[in-house]
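Down below is the structure, laid out as structure tokens.
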Amino acid sequence: MFIKSINNNNLWYLLDAKSQILGRFCTKIVYLLMGKNNYNYKSNIVNGGYVVVLNANSIILSGNKKYKKVYYKHSGYVGGLKCISYNVLLKKFPDRIIRYAVKGMLPKNYLGRLMLKRLKIYCNNYHKHIAQKLILIN
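Residue numbers (numbering that gives the first Met the number 0): 0 to 137.
Right, dumping it as structure tokens:
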């Protein structure tokens with residue numbers, strides 16, 4: 000299956016996650032990935048840009064959620080439920096916190112998986128997308 004992009008010049012956006020609230024920050028990411036900021040937005044075509052996120056390890060949660068939030072996954076077998084807390088996931092894989100939140104906000108189909116591939120998350124200030132002309136979003 001081949002999905003065509005409307006605009007051939009895909010834009011690259013740079014976002015900094017330092018001291019940003021998780022949910023509000025991820026809605027900005029989804030808005031750019033889906034291409035809703037473009038004048039020619041269509042829901043059946045991937046016309047969003049690429050998003051580069053820096054400082055994923057310094058994202059914050061409001062309230063008491065950083066102590067109570069738990070991420071679940073299931074292997075499909077009986078008794079295969081695995082859970083990991085927010086603090087453990089932040090220490091081991093801080094990029095997955097943002098990826099899971101964005102994945103939950105995207106459409107649950109082939110287009111959503113294509114959009115998620117355009118998300119690049121880094122835990123520090125350094126990234127390998129210097130050659131692209133990045134647009135800084137606050």
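Just so you know, even glycine gets a beta-carbon here, dropped at the ideal spot from N, CA and C. Everything numeric in this text was worked out from a predicted model, so none of it was measured.
Reduced DSSP category for residue i - H, G, I as helix; E, B as strand; rest coil
| i | result |
| --- | --- |
| K107 | coil |
| L10 | coil |
| C122 | coil |
| S84 | strand |
| L60 | coil |
| V145 | Any property of residue 145 remains undetermined from this structure, which presents the chain solely from 0 to 137. |
| Y40 | coil |
| V52 | strand |
Within 8 Å, strictly: CB atoms of residue i and residue j
| i | j | result |
| --- | --- | --- |
| L10 | I134 | yes |
| N54 | N46 | no |
| H128 | K119 | yes |
| L31 | V50 | yes |
| L21 | I96 | yes |
| Y85 | K107 | no |
| L89 | N56 | yes |
Strand pairing of residue i, partner residues [DSSP]
| i | result |
| --- | --- |
| H128 | Note: H128 sits in no beta bridge, so no partner. |
| L135 | L13 |
| Y76 | DSSP output for Y76 lists no bridge partner at all. |
| V160 | Here the chain comprises residues numbered 0 to 137, so residue 160 is not present and cannot be evaluated. |
| I96 | According to DSSP, which records beta bridges pairwise, I96 is partnered with nothing at all. |
| I20 | I59 |
Is the region 12-26 touching the region 90-107, taking contact as three or more C-beta pairs under 8 Å?
Flag = yes, the region 12-26 and the region 90-107 touch.
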